[in-house]
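Novice: Pasting in a structure now, in structure tokens, and then I'll have a few things to ask.
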Amino acid sequence: FFFPQVLLLACAEDLECVPGFQQKVFYIEQPFEFTEDQPVLNLEFDDCKGNNKLNFEVSNPDFKVERNGSLVALKNVTEAIRALFVHARSEHAEDMAEILIVEANEKHGALKEIFKIEGNLGIPRQKRAILATPILIPENQRPPFPRSVGKVISSEGTEGAKFRLSGKGVDQDPKGIFRINEISGDVSVTRTLDREAIANYELEVEVTDISGKTIDGPVRLDISVIDQNDNRPMFKEGPYVGHVMEGSPTGTTVMRMTAFDADDSSTDNALLRYNILKQTPTKPSPNMFYIDPEKGDIVTVVSPVLLDRETMETPKYELVIEAKDMGGLDVGLTGTATATILIDDKNDHPPEFTKKEFQATVKEGVTGVIVNLTVGDRDDPATGAWKAVYTIINGNPGQSFEIHTNPQTNEGMLSVVKPLDYEISAFHTLLIKVENEDPLIPDIAYGPSSTATVQITVEDVNEGPVFHPNPMTVTKQENIPIGSVVLTVNATDPDTLQHQTIRYSVYKDPADWLEINPTNGTIGTTAILDRESPHVQNNVYTALFLAIDSGNPPATGTGTLHITLEDVNDNVPSLYPTLAKVCDDAKDLRVVVLGASDKDLHPNTDPFKFELSKQSGPEKLWRIAKLNNTHAQVILLQNLNKANYNIPISVTDSGKPPLTNNTELKLQVCSCKKSKMDCSATDALHISMTLTLLSLFSLFCKSFP
């Protein structure tokens, strides 16, 4: 085995002890193989205070550093490795060493750059004279600060040349984290770094002359923050609730628990392993569930028989789940969460009546719930596997009974929906079955306990008499003589076994027109029946009568009588309007249109006949003309003087015999000027005219003794 040549790139020249690696950067030639347990090189770390509690960490898990500083392989490693980083920490100091692994030609190039060898080694000279190797810095370093973390080298020895560093973390936010010694090129960090905040910094290094002008560069300088295990795993997606059906096979997946670790996912710092710390309750087995340590899947590990919801203390289990980083090693950080697992019910228990026969008593004629049927069901009350559905399967031909489920108690509420008649049947027997809303699982069936019998006894009560028919109808002419028989009612007592007598009475008679014989039920008139009465609606008069039996206490039945009244011509027609006005100089002498109406029905109404009564005086002053069956028009034959005139008019209907109404139409003749009618002096003029006529009449009489 060829032991790689170790090339010193930087070392401390001061005799004073400097805490940290005494040599920070190494170049070694890539071997054919790193052999297990064979030293690669020696690292020297000194915290200047005895190296108490010194610990090394290697970036590649296939290598480790022994207590004496020897870097060794943990197994045979053949793949190419470009770099190794070793982090050392003691009570008083910590530092990072960088081991670069190069091919043979790369080794000579590196020597040329570092030691400024100007000879031709068969490798083209690099254009840039700045060597800025990547820097790795552990996060969470403790003070003191600033702390040296690396070095930039320039092959150009220009007098007065200075290094200048720029970029995010230097002169860009967050500013002032890194700085460079402008003469030596030492790069230092000024504060603690947090990889979870910023994992990488991309800086630029350049060389300037004394005036600040760039003479070389810029060259990229990468600074990476090495992760430390400083973040605990966290369960962020809670609450965690899973469901599993009772009786599920062993190995049934219930749910998955997933935790998050903010550390570097490519390292063991974020490599999580899961474990169940606690199960509550612990029965019927303290280990009901198992969690896959890598995936976080929770599965059942008990037999289906033990996963029986009805035999458990509670159908809810709580598991305390732990997630630990560092692949579950003891040094790993932990986080916990609670997983709630609910054992879901399946319909594996049919409902069963608490007894085979139920008793109920109900009075005849009464409706409503008469008995509650109780059942037991071991399934979950919150599911359709517990909720009962009742059916009457026998004994209900008349559909007198119905049964419904009480949603709170799951009882069957048996109701009478059609009144029962004791005289028809005093006993009823119902056969009722109960099922669940959800179907039973295939290997379970309803048994004899899922049916029950209900014995119902009907109690006799004193029922009121019943009118036949009800309502009763009859047609009569209005105005029939008082004492006329309208109808004889008939009421019977449903209680045929009690042999009771019935008495009748008037209950409601709005117009007080009727009476009833209390014994035989004959209804007669006590007043004239008037079709035009406000108590008559649509020609029908309605009255109510009672039939009362002799029971103790007595029972009452109500009967309704509708009397349809036929019309007779007993109402004279009426005339409207009875007042009219006209101008004394009117050109249109059609004074008014008169209308007639009649309370009676056709044919005792129109067509109406309009006539003028005999007019007094030597000449006729007006006439009347028929317009249609119900209207006529009064027309003046000449203009009249301003006065009040009474025009006698008769109107006759078409009834047999016809009826006539004599009415006076008051006509006011008024003076009209400028579209204004003045009737104020008509009364005085009319009185004056009347006195004049009386005087003339008196003189006329004296002339003829």
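Take the sequence shown: its letters are residues 1 to 705, numbered as in UniProt numbering.
Where a beta carbon is used, it is the ideal one built from N, C-alpha and C, also for glycine.
Quick one: grab the DSSP three-state call for R309.
Specialist: Translated into the one-based positions of the sequence shown, residue 309 becomes position 309. Three-state DSSP puts R309 in a helix.
Novice: Mapping the DSSP letters down to three states, classify G327 as helix, strand or coil.
Specialist: Within the sequence shown, the letter at position 327 stands for residue 327. G327 falls in the helix class under three-state DSSP.
Novice: DSSP three-state call for A511: helix, strand or coil?
Specialist: On the sequence shown, position 511 is the one that residue 511 refers to. A511 falls in the coil class under three-state DSSP.
Novice: Tell whether a beta-carbon distance below 9 Å holds between K476 and I563.
Specialist: If you number the sequence shown from 1, residue 476 lands on position 476. If you number the sequence shown from 1, residue 563 lands on position 563. Yes. Within cutoff.
Novice: Give the straight-line distance between the Cα atoms of I432 and Y390, rounded to the nearest whole angstrom.
Specialist: By 1-based counting over the sequence shown, the position of residue 432 is 432. By 1-based counting over the sequence shown, the position of residue 390 is 390. Near 7 Å, if we compare the C-alpha coordinates of Y390 and I432.
Novice: Within the continuous beta strand (DSSP E) that includes K609, where are the two ends?
Specialist: Within the sequence shown, residue 609 is the residue found at index 609, counting from 1. From DSSP, the beta strand (DSSP E) with K609 extends over K609 to L612.
Novice: According to the neighbour-count rule (16 or more other Cβ atoms, all chains shown, within 10 Å of its Cβ), is C141 buried or exposed?
Specialist: Indexing the sequence shown from 1 puts residue 141 at position 141. Per the sequence shown, the amino acid found at residue 141 is Gln instead of Cys. Buried.
Novice: Leaving out five residues before and five after D530 in sequence, what residues of the same chain have Cβ atoms less than 6 Å from its Cβ?
Specialist: As a first step, residue 530 is located in the sequence shown; it is residue number 530 there, counting from the start. Cβ neighbours of D530 beyond the five flanking positions: E478.
Novice: Restricting to runs no shorter than 3 residues, where is the beta strand (DSSP E) found entirely within the UniProt domain "Cadherin" (236–353)?
Specialist: 240–245, 253–256, 273–280, 289–291, 297–300, 316–324 and 334–344
Novice: Under the rule that 16 or more other beta-carbon atoms within 10 Å means buried, what is I123, buried or exposed?
Specialist: Locating residue 123 in the sequence shown gives position 123, counting from the first residue. Any reading at I123 needs caution, since the residue's pLDDT is 32, under 50, leaving its predicted position unreliable; the model's value is listed next. Classification for I123: exposed.
Novice: Got a sec? Which residues, its chain only, sit under 7 Å from I130 by beta carbon, not counting five neighbours each side?
Specialist: By one-based count along the sequence shown, residue 130 stands at place 130. Cβ within range, chain order: V152, S154, V205, V207, D216, G217 and V219.
Novice: What three-state label does DSSP hand P448 in the structure shown?
Specialist: Within the sequence shown, the letter at position 448 stands for residue 448. Of the three classes helix, strand and coil, the one that applies to P448 here is helix, per DSSP.
Novice: Mapping the DSSP letters down to three states, classify E139 as helix, strand or coil.
Specialist: In the sequence shown, counting from the first residue as 1, residue 139 sits at position 139. E139: coil per DSSP, three-state reduction.
Novice: Nearest to G483 by CA position, among R191, I523 and Q38, is which residue?
Specialist: Start at 1 with the first residue of the sequence shown, and residue 483 comes out as number 483. When each option's Cα is compared against that of G483, the closest is I523.
Novice: Straight-line CA distance for E532 to P607?
Specialist: The count along the sequence shown starts at 1 and reaches residue 532 at position 532. The count along the sequence shown starts at 1 and reaches residue 607 at position 607. When rounded, the distance between both Cα atoms is 20 Å.
Novice: Quick one: what's got a C-beta closer than 6 Å to S505's C-beta in the same chain, skipping five residues either side?
Specialist: In the sequence shown, the residue the question calls residue 505 occupies position 505. Residues L546 of the same chain have their beta carbon placed closer than 6 Å to that of S505, with the five preceding and five following residues left out of the count.
Novice: Check whether chain B comes within 9 Å of K673, counting only Cβ atoms and requiring the distance to be less than that.
Specialist: This model lacks chain B altogether, as it is built from one protein chain only.
Novice: Here's the rule: buried if 16 or more other CB atoms are within 10 angstroms of the residue's CB, otherwise exposed. What is M472?
Specialist: Here residue 472 is taken as the residue at index 472 of the sequence shown, counted from 1. Burial call: buried.
Novice: State the CB to CB distance for the pair T578 and K674, rounded to an integer number of angstroms; the pair is presumed to be in contact (CB under 8 Å).
Specialist: The sequence position of residue 578 within the sequence shown is 578, counting from 1. The sequence position of residue 674 within the sequence shown is 674, counting from 1. Not a contact, Cβ separation roughly 29 Å.
Novice: Can you tell me whether I117 is buried or exposed, with buried defined as 16 or more other CB within 10 angstroms of its CB?
Specialist: By 1-based counting over the sequence shown, the position of residue 117 is 117. Below a pLDDT of 50, predicted positions are generally treated as unreliable, and I117, at 31, falls in that range; the measurement from the model is reported next regardless. Exposed, since its Cβ has fewer than 16 Cβ neighbours within 10 Å.
Novice: Please classify N76: is it buried, with 16 or more other beta-carbons within 10 angstroms of its beta-carbon, or exposed?
Specialist: As a working mapping, residue 76 is identified with position 76 in the sequence shown. So N76 counts as exposed.
Novice: Which word fits G398, buried or exposed, when buried means at least 16 other C-beta atoms lie within 10 angstroms of its C-beta?
Specialist: Position 398 of the sequence shown, counted from the start, is the residue given in the question as residue 398. With fewer than 16 other Cβ atoms within 10 Å, it is exposed.
Novice: What is the residue span of the beta strand (DSSP E) that V170 lies within?
Specialist: The residue labelled residue 170 in the question sits at position 170 within the sequence shown. Looking at the DSSP string, V170 is not in any beta strand (DSSP E), and its letter there is neither H nor E.
Novice: Could you tell me which residues DSSP puts in a beta bridge with F45?
Specialist: Within the sequence shown, numbered from 1, the residue matching residue 45 stands at position 45. For F45, the pairing in a beta bridge is given by DSSP as F21.
Novice: Flag this pair as yes or no: are the beta carbons of P233 and L272 separated by less than 9 Å?
Specialist: Here residue 233 refers to the residue found at position 233 when the sequence shown is read from its first residue. Here residue 272 refers to the residue found at position 272 when the sequence shown is read from its first residue. Their beta carbons are under 9 Å apart, which means P233 touches L272 by this criterion.
Novice: If you count every other CB in all the chains shown that lies within 10 Å of the CB of P277, and 16 or more means buried, which is it?
Specialist: Residue 277 sits at position 277 when you count from the first residue of the sequence shown. A small fix is needed here, since residue 277 is Leu in this sequence, not Pro. That one is exposed.
Novice: For N406 and K324, I'd like the C-alpha separation in whole angstroms.
Specialist: By one-based count along the sequence shown, residue 406 stands at place 406. By one-based count along the sequence shown, residue 324 stands at place 324. Straight-line measurement puts the Cα of K324 at about 52 Å from the Cα of N406.
Novice: Is the separation between the beta-carbon of V40 and that of L74 shorter than 9 Å?
Specialist: The count along the sequence shown starts at 1 and reaches residue 40 at position 40. The count along the sequence shown starts at 1 and reaches residue 74 at position 74. No, the Cβ-Cβ distance between V40 and L74 is not below 9 Å.
Novice: Sorted by chain position, which residues of the same chain lie with C-beta nearer than 7 Å to P249's C-beta, five sequence neighbours on each side aside?
Specialist: The residue labelled residue 249 in the question sits at position 249 within the sequence shown. Sequence-distant Cβ neighbours of P249 in its own chain, meaning closer than 7 Å and more than five residues away, are P304.
Novice: In this structure, does DSSP put N394 in helix, strand or coil?
Specialist: Residue mapping note: residue 394 aligns to position 394 of the sequence shown, counting from 1. Reduced to three states, the DSSP call for N394 is strand.
Novice: Using the C-alpha atoms, what's the distance from A339 back to P315?
Specialist: Position 315 of the sequence shown, counted from the start, is the residue given in the question as residue 315. Position 339 of the sequence shown, counted from the start, is the residue given in the question as residue 339. Spanning the two alpha carbons is a distance of roughly 14 Å.
Novice: Taking D344 as the reference, give the member of G395, P351 and M245 with the closest Cα.
Specialist: Counting from one through the sequence shown, the residue named residue 344 turns up at place 344. Here the closest residue by C-alpha is M245.
Novice: Alpha carbon to alpha carbon, how far is L100 from R147? Give it in angstroms, no decimals.
Specialist: The sequence position of residue 147 within the sequence shown is 147, counting from 1. The sequence position of residue 100 within the sequence shown is 100, counting from 1. Spanning the two alpha carbons is a distance of roughly 22 Å.
Novice: Who does R623 pair with in a DSSP beta bridge?
Specialist: By one-based count along the sequence shown, residue 623 stands at place 623. Answer is I635.
Novice: How is Q408 classed by DSSP in three states: helix, strand or coil?
Specialist: Counting from 1 along the sequence shown, the entry for residue 408 is found at position 408. Coil at Q408, not helix or strand.
Novice: Could you pull out every unbroken beta strand (DSSP E) segment of at least 3 residues lying fully inside the stretch 410–442, listed in chain order?
Specialist: Counting whole runs of 3 or more residues, the stretch 410–442 contains the beta strand (DSSP E) stretches 412–416 and 427–436.
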